[in-house]
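Below: one structure, written as structure tokens.
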Amino acid sequence: MSFFDHVFVQPWPWWAAGGGIGLFVILLAWTTGKPLGISSGYGSTCGFFSRMSAWKQKPFCETWRPWFLAGLPLGGLAAALLAGGPHLATSLHAFGGSPVLTGIAAFSGGALVGLGARWAGGCTSGHSIVGIALGSKASLIATVGFMAAGFGVTQLLFRAFGVA
Amino acid sequence: MRFAYLLFGALFGFILSRARATDYDAIAGMFRLQDLHLMGVIGVAIGVGALGMFLLKRSGARAINGEPIDLKPKPMKKGLFLAGLVFGAGWALSGACPGTALAQIGEGKLYAVFTVAGILTGTWLFGVLTEPRTASTLTAKEA
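Protein chains in written order, with this note's numbering: chain V, 7 to 170; chain U, 17 to 159.
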């Protein structure tokens with residue numbers, strides 16, 4: 007397999023992917039001075055549609071956040087195109103391949119993600135990667151919570167739907 | 017500058033996709049302890065990020081765009097563990113976190129449109145639930 011295939015077409019091994027994310031965090035901080043954090047951008051987006059004071063303060067009022075969010079699907083699309091896609095998918099086999107069940111799980115799971123991220127003050131990027139890397143005890147506690155519930159809920163789901 | 021952040025977002029979306037962080041099976045595999053790929057990804061990312069940010073902070077330099085480098089650990093707050101549980105339950109149920117949900121849309125995983133709508137709803141809900149408090153702190157600051 008060629009070098010191009012390894013870098014642009016195939017999924018990366020864990021060490022390369024982790025290194026890539028770590029280097030990205032450094033690149034963003036070095037060039038712009040900003041710590042990576044995604045979930046706050048959803049607060050900025052809420053600010054477009056709402057006059058609530060919560061979204062008028064930092065970090066939600068920072069104008070770079072919605073632009074960063076808008077870039078994420080473009081990166082996903084580029085990854086899919088390079089791998090010969092995109093292949094459209096409307097369901098997950100964990101939900102019996104049902105688009106309706108998958109959609110309900112996606113929306114309700116998303117709502118918990120949004121609520122939990124704002125309550126915790128960060129998500130997988132801001133807490134689990136940048137926060138822990140900066141030695142924050144708060145980020146470690148939040149991440150233990152992310153993982154604990156992730157384990158529990160996944161076990162329940164796989165029992166409920168009988169997918170082994 | 018806005019265009020630069022759009023490009024940064026695209027680069028990060030690409031990395032998340034190649035890391036398989038957007039793949040439901042990889043996430044479920046991590047939570048069922050059957051495929052520890054993503055745990056390795058997160059671990060290496062923390063290690064590399066910690067070293068780089070330590071060096072950046074120690075250098076005391078400004079960022080290339082002239083801004084100060086703003087790398088402060090997040091503060092402790094009440095209910096953090098419970099908040100983490102709520103997030104984790106959603107992560108397992110939807111197979112996505114705030115960044116990967118958007119990258120999934122680009123990959124053609126159409127159900128992620130519902131995930132993103134859910135995240136916006138949850139975020140907005142938190143704003144509604146805490147609005148009286150944030151409004152009063154704002155007025156206190158302005159006064």
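Using N, Cα and C, we set each Cβ at its ideal position, and we do this for glycine too.
- At least one CB of chain U lies nearer than 8 Å to the CB of Val159/V.
- Taking all protein chains in view, the Cβ of Thr149/V is crowded by 16 or more other Cβ atoms within 10 Å, so the residue is classified as buried.
- Boundaries of the alpha helix (DSSP H) harbouring Cys52/V: 46-55, taken from the DSSP string.
- Within the segment 118-130 of chain U, Leu118, Ala119, Gln120, Ile121, Gly122, Glu123, Gly124, Lys125, Leu126, Tyr127, Ala128, Phe130 place their CB atoms closer than 7 Å to a CB of chain V, listed in sequence order.
- The beta carbon of Ser50/V sits closer than 6 Å to those of Phe66, Arg71, Pro72, all from its chain and outside the five residues before and after it, given in chain order.
- Within chain U, the residues whose beta carbon sits less than 7 Å from that of Phe74/V are Tyr21, Phe24, Gly25, listed in sequence order.
- Secondary structure remark: continuous alpha helix (DSSP H) runs of at least 4 residues inside the segment 40-83 of chain U, in chain order: 40-47, 53-75.
- Beta-bridge analysis with DSSP links Ala123/V to no other residue.
- In the structure shown, Ala95/V adopts extended strand secondary structure according to DSSP, grouped into three states.
- Residue pairing from DSSP places Lys125/U in a beta bridge opposite Ala95/V.
- Contact check for Gly65/U against Gly28/V passes: the beta carbons are separated by less than 8 Å.
- Beta-carbon to beta-carbon, Ala126/V and Leu96/U are separated by about 6 Å, close enough to satisfy the 8 Å threshold.
- The Cβ of Gly59/U sits closer than 8 Å to at least one Cβ of chain V.
- For the pair Phe142/U and Tyr21/U, the Cα-to-Cα distance works out to about 26 Å.
- Leaving aside the five residues that flank Phe103/U on each side, none in its chain has a CB nearer than 7 Å to its CB.
- In the DSSP assignment, Ala20/U falls within the unbroken alpha helix (DSSP H) covering 18-34.
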